[in-house]
Each structure stands twice: as structure tokens, then as C-alpha cells.
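Last residue of the sequence shown? That's 634 in our numbering, and every number before it is there in order. Below is one structure; the comments refer to it alone.
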Amino acid sequence: MFNQCVKFIVALVWLFSSFSLIAASTDITALLAKHDTYSNVKIAPDGKHLAVVVRLDNKRALLFIQLDGFKPAGQIKFPGDIEVGDYHWVNNERVVISLAEASPWDAEPKFYGELYAVNYTGKKGEMIFGFRVDESSNFSRIRAKEAKRAWGEVIDTLQHDDDNILISSTQWTVRGEHHSELLLLNTYTGRSKKIAVSPAPNSQILTNSQGEIRAAVVLTEDYSSELYYYDQKKWHQIPSDKFGERLTAIAVNNSDDGLIILDQFNAKQQGLSELKFTDASRRLIYRDPVVEVSSVALTQKERQAYALRVDDGKPAYLILEGQQKEAQIFKELVAALPGSAVHITSRTDDDNIWVVFSYSDDHAGTYYLYRKDKNSLVELMQRKPELSQIQFAKTEPVQFSASDQTKVHGYITRAAKADSKSMVVLVHGGPHGIRDYWGFDNEVQLLSQAGFNVLQVNYRGSGGYGADFLKAGYRQWGGAVQQDIIAGTRWAIGQGYAEQGKICIMGTSFGGYSAVQSAAIEPDLFSCAIAVSGVYELNLMKTDGDVPLRSFGISYLDEVLGTDPEELKLFSPVHRVATLKAPLLLAHGKKDKRAPMSQAEALREALDKHNKTYKWLEFDNERHGFYDPENRQHYFEQVTQFIRQHTH
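Take a look at the structure:
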């Protein structure tokens, strides 16, 4: 058992006072609309410094903290609209940062492939890759001979090389049809050397523990996977009949002659396996009978799997044999943080100090520091400290039978302060490959605090329950998928979570589509519907938006939607509005590329034609959903007011 957890009180006071990060507002709606205060905490390889992403002036900055005494060591905050994206420790002093940039007309920052390197002191900063590269790191100057109009993505920080990292460089293009160059990039000078070229566009590159290129997983234009291994400076393709669909590569194995993968091969359920390169022989490591593996924890040096997480309701962990050191520590961490999900963000080279992130259904999450030599687990900071005094609701897994007796899983969250009979059916987006998980959800807790029970349904087509369940949702967007959501709603009524006339349905993206489609299919079941960034005319999806522009976009849409225009029309809410009784709240961002404004405008035209009641929210600077906290707060306020109006 670990020594008692303590907090770095002095350090937190410094952080709060220096950057004014704690919101003065006590309004729960405003607090839930905010971005995370702290995120992405990682420790340096030698354990002397921590890096923490913080919100400063509504932008992400990077703080460096000296672990001895928990004192400030440096910071990096970029000028203008540029901010910190993901980052990696390269050595004990230097980090490389993926830059994100917003614009006055677009609230959400975008990644343009630029990489910036800086020391933890905040000094010796250099733009090392991207279209604005120059020797002085002056953002206003561009040296065309060194600038690259390409996406740079970190593949490996090369633990045996203190100066260089391995990146992929992919030319800017609409359809992503270019092969990527694999470059050795110096994080001090920005000089690069081409090592190899990817075997195909849309390649995920994997390296071994020595940082050598060993494998690639490719997503093809027909939305299938190809697998290659790299030997003698050549790519060799593994036959596609040797692995299952939708392959996920986890790591190169310890013997450097194969991969650890997740796939569904000659089985109904996905499993974790080892697949050899040369003969494609395989060894099953683990397969869960109910759900897919959610995540895999890897050892620091060998990058071998030592623990698996599965989510059959609440998260559970399986400790694997053969990696006793890390496995035993992780097992003790899970035991020390009961009732929580546990994730390791980073650890030192000597495996002595670990940064641990833990969260639950009613807590947004806390970062801890574990020291093996002292057997201590120390609380560093909460992800959203402004929420620490609020009592949030618990979320419980549920399951029910659909109309055809298919078993469907989901979650119910009770209203926080009352025995409520009003309920919101909150439909997740995607739809395919996405699912709801147990954990802290700002939107769920907003609705609970406002006095509503919340039902979430992992309808067929959702990810995490096997390929058969996933494919059961194909060409059923307006059919069986909605029937699962409707069956879940009726089940909740039967369980006493809701009463007829006090139920609203809402969602974003596909969830927005479902809100309108389900309300049209069962007009007497839902008292109101809220749809955000939805698609409402499925035929329009084939020609409008960014999905058809992707290399595999048309193949994907043909597979999941079908090719029959009449069937797509039948499953499109714009052609079902005549049956609607529930008033609608529609919200859409003008910059949305996934579900363009043309989708919302088509639905509005149909609603006007049939004299239906709706409320319209339009956001000039938002894309697919809400990024800006003020926009999100305004939307949250409109949502709770709208639901109260129509369910009480």
C-alpha cells in the first residue's frame, strides 16, 4: 500500500496566483463550459522537471516545474493565435511541441504540421519543421528553401538519441494521396535527413525499442487495412488474409520480429495477438468475450503490453504475465485509486517516478506523482480544480433488449438533486467505431445538475462490442439504430427513470441526426429534440462536406450508408419532418466541414415548409460542435432552458 497522498499546496498557490486560472464564477454552467485548466502532465526522462499544459488567456501554454521543491522552471506561451498542441520530452532539457493556431473567424485551433522545440527554461526555442521555419524563430519571416508545406508528426522521440526525433512529413493535400517521407529531425538545428518513405498514403509507422522503422499499417481507399514490415530498407507486404479487418497496431514485439495487434481474426470478437512478420504466424494474448480491448499499457523501454483495459460497463484491468515490474506497480496503482480509471502519462528512464492520471464518473480527474523508491502517491493537481467543491452524480452501466432481442448496453446518470422523472436521451456521435464510456462527461453532468436523468445508449453500430455489432448498424442509420435508442427510452420509462411527456432527446453530429430522426419516427415519445452539427439529408453527405474528400471517404460512405438514393431519402430527417410533433432546438457552426451548414439549412427549409416549431442557434466561428467556452456556455444555457420549457 502506498504512503498517504498529499498535495503540493504551495505550488498550486503559485500556479493559481501567477496565471489567474481559477474562475471567479460559481455558476456550474459556466464552469462546465470551460476548457480544462490543467492537462497533459508529463515528467522529464531524468525526473527533475514536470511539464504541464495550462490555460492562459484561453490559450494552451506549457509550464515547466522543477520537481525538487516544486518551483517554476520556465514556460512557453506563443504569440498571437498560436498555442501549444501535443508535446514530447526529447531529452532531459528539451521538448518538441506540435503547434496549433486559431483564426478570428474560427474558434478551434488547427494543426498545420508545424513542430517547435524549446528547453524547459523557455529558452533556445526553434521552429524546426513547417511552413514558417527560419533560423531566428521569428514567426513573421519565412525561408522558402527550408519551409515545408507538409504535416510533421512525431513517430518516435528516440530514447537513445538526445538530439534527434523521427517524424513523418506528408505534403499538404486535400485527399491525402501522398506517401510520407520519414525524417530524422534534429531538435536543436531543424536539419533533417530522409530515412525512408512510407509504403502507401495514410500510413501509421511503427518503430522498435531502438527507434528503427519496422512496420506500417495503411488505411486504403476502399477503407480496408494493409500491413507491411520493413527489412533491409524495403517494405514487405503481409497478406491481408493473415489478419482481421480494422487492424490496430499496438507495438513492435520484444523480439523485433513481429507486431502486437488488435484485430478480429477467425473469431467473433476482437483480440490482442502477436503477429510475426515473415510467416504471419500468430499467438493470441487475450480476447474478452463481451467487449473489445479499450487500451493497452506498454512498458517504457521494450514497449511490451503489461496491462489491458476493457469497458464492459465500468473500466476493468487485466494484468498480463511476463512484465512483473511495471505490472505489479500498475496493479498497486489501480488498488490505491479504487472506483477510478487509471492512466500512466509518463515515467522516468529508471522507472522510479510515474505520472498517473485518474478520473471517475463524478470527478473530472487528478494527476498524481508516484515514487517507487518512497512508495508514495502524491496528488499534483486536478484537471478542473474549479469543480472540486461540486457534488456530481454517479453513472451506472445498464443493458436492455432491443425490439429484436439484441442486447444493447448503455449508461444512466441520475439527476443530482432530486428524484426526477424528467429525462434526456443523450445520443453519441460517430456513429461507427464510437461509443459512450463510463467517466466524467461535462454535458451529462450539466443535465444532471439541471434536474434531468440522462440515458446514454451504445446502439448497434457503436464501437467496442465487436465487428458483428458494429456492422449491424451499417445501412441502418434511420432504422435499427434508431429502434435501439427508442427501445432504450421505453426501457427507462419502465424502470421509473422517466415519464411520458417529460423526455427530450439530444446529440451532436450523428447524435443530432438521431435526435431529429427518432423524434420523427416516434412523435409521441419525445417532448423535445436538440440537434447540434447534425446531418439531415444523407444523399447530401455523398457530395458535401469533408468526408467525400478523404481518400477513403466515398468507400466508407457507400459501406455504412449504402448506395440506394431512395433508401437514403427514407432515412433522412428532412423527408420525415411532417410527422414531427416535438419542438426542435437546432445549433450549427458556420465553419463546419464535417456537416456543412447546407445540412442545417435543408432541415430548416423543410421545417418551414411544414410549419414546425423550432429554435435556431447559429455560430459564426464554430466548426463541428463547440470549442469556444462562451459559445458553449450560451448553448448550455439555451439547452437547459429549452428542456425545462418542454418537460415540466
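Glycine included, each C-beta is placed from N, C-alpha and C at the ideal position.
8 Å CB neighbourhood of G147 in its chain, flanking five on each side removed: Strictly speaking, residue 147 in this sequence is Asp, with Gly absent from that position. Cβ within range, chain order: G197.
Based on the DSSP output, what are the partners of F386 in its beta bridges? Looking at the DSSP assignment, F386 forms a beta bridge with V394.
Nonlocal neighbours in the same chain, by C-beta distance under 6 Å from V266, ignoring five residues either side: One detail in the question is off: residue 266 reads as Ala in this sequence, not Val. Within the same chain, A266 has close Cβ partners I224 and K228.
For the beta strand (DSSP E) holding E587, just list the boundary residues, first then last. It is not in any beta strand (DSSP E) - E587 instead sits in the alpha helix (DSSP H) that spans M583 to K595.
Mapping the DSSP letters down to three states, classify A130 as helix, strand or coil. With a pLDDT of only 35 at A130, under the threshold of 50, the placement of this residue in the model should not be trusted; the figure read from the coordinates follows. DSSP places A130 in coil when its eight states are reduced to three.
Taking the straight line between their C-alpha atoms, what separation do you get for D335 and D32? Straight-line Cα distance between these residues: approximately 6 Å.
I674 to S89, Cα distance in whole Å? Outside the modelled stretch of the chain, which goes from -13 to 634, sits residue 674, for which no answer is possible.
Around the C-beta of R461, are 16 or more other C-beta atoms found within 10 angstroms, so that it is buried, or is it exposed? Around the Cβ of R461, a 10 Å sphere holds 16 or more other Cβ atoms; the residue is buried.
Cα separation between S155 and H596? About 51 Å.
Contact between the stretch 62 to 81 and the stretch 18 to 35 (3+ Cβ pairs under 8 Å): Inter-segment contact for the stretch 62 to 81 and the stretch 18 to 35 is present: three or more beta-carbon pairs are separated by less than 8 Å.
For F455, the three-state DSSP class (helix, strand or coil): Residue state, collapsed to three classes: helix.
Report the partner residues of T352 according to the DSSP bridge assignment. Under DSSP, T352 shares a beta bridge with S344 and Q368.
DSSP-derived helix/strand/coil call for S500: Three-state result, S500: helix.
Please name the residue, chosen from E288, S434 and G419, that lies closest to F426 on a Cα-to-Cα basis. Out of E288, S434 and G419, the CA that lies nearest to the CA of F426 is found in S434.
Check whether the Cβ atoms of K28 and V341 lie closer than 8 Å to each other. It is a contact, given that the beta carbons lie within the stated cut-off.
Cβ pair count under 8 Å reaching 3, the stretch 558 to 565 against the stretch 487 to 494: Counting C-beta pairs with one atom in each stretch, the stretch 558 to 565 and the stretch 487 to 494 have fewer than three that are closer than 8 Å, which means they do not touch.
Which residue or residues does DSSP assign as beta-bridge partners of H164? Partner residues in a beta bridge of H164, as assigned by DSSP, do not exist.
Answer yes or no: do D470 and V502 have a C-beta to C-beta separation smaller than 8 Å? Taking 8 Å as the Cβ cut-off, D470 and V502 do not qualify as a contacting pair.
Span of the alpha helix (DSSP H) around Q435: Unbroken alpha helix (DSSP H) run through Q435: N428 to Q435.
Taking the straight line between their C-alpha atoms, what separation do you get for I247 and L593? Cα to Cα, I247 sits roughly 48 Å from L593.
Assuming G450 and D297 are in contact, meaning their beta carbons sit under 8 Å apart, how far apart are those beta carbons, in whole angstroms? G450 to D297, Cβ: 7 Å. Contact.
Check whether the Cβ atoms of L245 and L261 lie closer than 8 Å to each other. Yes, the pair counts as a contact, with Cβ atoms nearer than the cut-off.
Pull the bridge partners of E87 from the DSSP assignment, please. Residue pairing by DSSP puts E87 in a beta bridge opposite I68 and K96.
Does DSSP put L323 in a helix, in a strand, or in coil? L323: coil per DSSP, three-state reduction.
Per DSSP, what kind of secondary structure is A266 in: helix, strand or coil? It is coil, neither helix nor strand.
Three or more C-beta pairs closer than 8 Å, one from the stretch 565 to 579 and one from the stretch 506 to 519: is that the case here? Segment contact: the stretch 565 to 579 against the stretch 506 to 519, three or more CB-CB distances shorter than 8 Å; contact assigned.
Going by Cα to Cα distance, which pick from A136, V140 and T193 is closest to H165? It is A136.
How is the alpha helix (DSSP H) around Q61 delimited, first residue to last? Element bounds for Q61: not the alpha helix (DSSP H) but the beta strand (DSSP E), K57 to I62.
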